[in-house]
Each structure stands twice: as C-alpha cells, then as structure tokens.
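Using full-length UniProt numbering, count along the sequence shown one by one with no gaps and you end on 228.
Heads up: the structure comes next, in structure tokens.
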Amino acid sequence: MASVGKLRAAEAALKEVSDGQVLGIGTGSTVAVFIGLLGKRVKEEGLDLICVPTSYQSAYLAVENGLRLSTLDEHPTLDLAVDGTDEIDPNLNLIKGGGAALTKEKVVDSSAKRFVVIADSSKLVERIGKFPLPVEVLPFARAKVMRAIAVMGGEPRLRDGGDRKDGPLVTDNGNFIVDASFKEIIDPRALEIEIKMVPGVVEVGLFVGLAHCAYLGDGAGVRILSRS
Ligand code: 5RP
1 MASVGKLRAA EAALKEVSDG QVLGIGTGST VAVFIGLLGK RVKEEGLDLI
51 CVPTSYQSAY LAVENGLRLS TLDEHPTLDL AVDGTDEIDP NLNLIKGGGA
101 ALTKEKVVDS SAKRFVVIAD SSKLVERIGK FPLPVEVLPF ARAKVMRAIA
151 VMGGEPRLRD GGDRKDGPLV TDNGNFIVDA SFKEIIDPRA LEIEIKMVPG
201 VVEVGLFVGL AHCAYLGDGA GVRILSRS
C-alpha cells in the first residue's frame, strides 16, 4: 500500500500527461504508483502514449500496466519525464540512485523537455548530502574510485547485493554502486563534476539543474517546487 504522500505526488504528475506524449519513466516505489495510475488513465481514456523506461523495474511494470515502450534511439527527445528522488533541496538539486538506476535515469530525465520529480515530502531537505551519494562505477575501477572519493572527504562504501545476492550489488548496466557519505554537500555541481572526472566513474547521483518542478506529497496535500 503506497503512502498518501507518494500517491498525491503521483496524482499531481499524472495531470501533466496528455495524449500523444512520449514519456520518460523513472524508477522506484513512487514511480511505481505513477505507472499504475498512468496505466489506468490509458485504459480509461484511450490515450496514445509511448514510454521510455529507466530500469528493468519500470519497463516490466509499464508492460504489466498496458503501457507501450520505446527507446531513446527512436525518441531522443521526450515530452515529459517523471522520476522519484532520495533527497531534494529547495533549488531542485537532487540525490538519486537509491534504487541503483541513476545512470539511465540521468540520461532519460535530461532528454525530456520537462522533468518532474515526485516524492513524499519527507525527501525535502535544506541541504542535500545526508543520504549517501550513489556513484555507479566500473567494477574494474572500484578501488581507485573509492580512494578518490575518500580524498574528496567522502566515506565510500561498496553497495552490497543484500540477502539474496552474496557480494556487491550489480546494476542493470553490469556495474557496481559506491555509496559516498558526504554528510552535507555545499556545492552539488562542483562535486558532481569532480567525481565524474575520476576515471572509472560511470555516473554520479547528483542531478543539478535538471528538474523543472517537484510535487512533494503528504497528508496535508501537495507542495510544488518550481525552477525559477
Ligand atoms: C532509483 C531512484 C529512485 O527514484 C529513488 O530511490 C526514489 O525512490 P522511492 O520513490 O522508492 O523513494 O533514484 O535509482
């Protein structure tokens, strides 16, 4: 059962969808709620939509909900992308990658004319960084990247595969995730560039200057943050 905050955020984003659009579909539990609502609307209203997913999770869920999939090869520019977040600040800087899908999410979200974030309002923070920053790395470069992150003042940890997988988590792209704890991030853009410059880094879960709007839901309603 989805939290009321996630549901309200997803419902708000659904209002932005119109017939004929090509949509980027993010990853995570809030996006899962959105996909369910979107499938229902497509069925009820006979909308003609095309969806570009950011993970196996969102692709499979989209198909289960009767949505039509495509790729960035066929649709390099998307009308709208809808995605969740792990943290968001009032300037719409995001930390993403809690679900290890940050690389495809960044490619898809940045390909949209409009990128909308949906989240429970608990994700809103004054300054991002408490949530350990996910960094996707080539397995071969793991140790080198972790050392470089430590020099930058972060505490790097290789993400574990969890109960059902011994050893490191492997992403949809066949890579590892290093979660880098920085406590707080003063300059998200500078840190994004610094980490991205380390050879072996595939992508960084800092999304700076990408989101146009965020719908943050909770029991009281939906708070809207927009890029000024
Ligand atoms: C996946 C993500 C998700 O969007 C993020 O983890 C938020 O997930 P949820 O909606 O389940 O809180 O970045 O890589």
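Cβ coordinates follow ideal geometry from the N, Cα and C atoms, glycine included.
Nearest residue (CA-CA) to residue i, options the options
i: residue 160; options: 98, 183 and 193; result: 98
i: residue 155; options: 133, 173 and 121; result: 133
i: residue 85; options: 228, 43 and 210; result: 210
i: residue 208; options: 150, 109 and 139; result: 109
i: residue 115; options: 136, 127, 106 and 49; result: 106
i: residue 198; options: 188, 180 and 137; result: 137
i: residue 74; options: 90, 47, 96 and 23; result: 23
i: residue 44; options: 55, 32 and 19; result: 19
i: residue 146; options: 201, 129 and 95; result: 201
i: residue 180; options: 7, 10, 212 and 191; result: 191
i: residue 120; options: 212, 25 and 30; result: 30
i: residue 72; options: 189, 172 and 25; result: 25
i: residue 195; options: 21, 174, 213 and 151; result: 151
i: residue 95; options: 188, 222 and 218; result: 188
i: residue 125; options: 13, 141, 176 and 186; result: 186
i: residue 228; options: 214, 11, 218 and 173; result: 214
Per DSSP, the bridge partner or partners of residue i
i: residue 206; result: 95
i: residue 11; result: Bridge partners of residue 11: none, in fact.
i: residue 211; result: According to DSSP, which records beta bridges pairwise, residue 211 is partnered with nothing at all.
i: residue 176; result: 137
i: residue 223; result: 216
i: residue 73; result: According to DSSP, which records beta bridges pairwise, residue 73 is partnered with nothing at all.
Simplified DSSP state of residue i, which is helix, strand or coil
i: residue 36; result: helix
i: residue 140; result: helix
i: residue 165; result: coil
i: residue 102; result: helix
i: residue 148; result: helix
i: residue 126; result: coil
i: residue 29; result: helix
i: residue 50; result: strand
i: residue 109; result: helix
i: residue 190; result: helix
i: residue 4; result: helix
Host alpha helix (DSSP H) of residue i (start-end)
i: residue 61; result: 56-64
Limits of the unbroken beta strand (DSSP E) element including residue i
i: residue 112; result: 112-120
i: residue 90; result: Where residue 90 is concerned, there is no enclosing beta strand (DSSP E), given that its DSSP letter is neither H nor E.
i: residue 25; result: 22-25
i: residue 157; result: 155-158
i: residue 81; result: 78-83
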